[in-house]
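Residue numbers (the numbering used here): 14 to 84.
Even for Gly, the Cβ is constructed at its ideal location relative to N, Cα and C.
Quantities reported herein were computed from a predicted structural model and do not represent experimental measurements.
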Amino acid sequence: MTISKEPLTPAVPHGDDQWLDVVKSVMWALINAEELGVTQANVDDMMASDDIVVRRLLGQEGDWGYSDLGL
14 MTISKEPLTP AVPHGDDQWL DVVKSVMWAL INAEELGVTQ ANVDDMMASD DIVVRRLLGQ
74 EGDWGYSDLG L
């Protein structure tokens with residue numbers, strides 16, 4: 014699957030704000046993972062990255078997702 018920064022977006026039901034937050038966060042994570050070179054094949058190695066952005070994406074730094082999504 015290819016994901017790009019085009020003016021396309023997934024659709025969610027009107028009024029389901031919690032699901033919208035989840036969908037937006039997943040799209041953000043997928044796009045950023047691709048830009049940062051994080052793949053299924055190298056995710057274990059990337060967990061030890063010195064790059065703070067990669068570490069945040071993979072949950073090694075901060076608490077991204079916990080307060081906003083309740084995950």
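Backbone CA spacing between residue i and residue j [nearest angstrom]
{"i": "Leu49", "j": "Pro20", "result": "21 angstroms"}
{"i": "Leu71", "j": "Met40", "result": "14 angstroms"}
{"i": "Asp63", "j": "Ile44", "result": "20 angstroms"}
{"i": "Pro26", "j": "Asp76", "result": "27 angstroms"}
{"i": "Thr22", "j": "Ala61", "result": "32 angstroms"}
{"i": "Ala46", "j": "Ala54", "result": "12 angstroms"}
{"i": "Thr28", "j": "Ala42", "result": "A quick correction: the sequence has Gly, not Thr, at residue 28. Between Gly28 and Ala42, the C-alpha separation is close to 23 angstroms."}
Sequence-distant residues of its chain with Cβ nearer than 8 angstroms to residue i (five each side left out)
{"i": "Glu74", "result": "Ile65, Arg68"}
{"i": "Trp32", "result": "Val25, Pro26"}
{"i": "Val56", "result": "Leu71"}
Nonlocal neighbours in the same chain, by C-beta distance under 6 angstroms from residue i, ignoring five residues either side
{"i": "Val51", "result": "Met59"}
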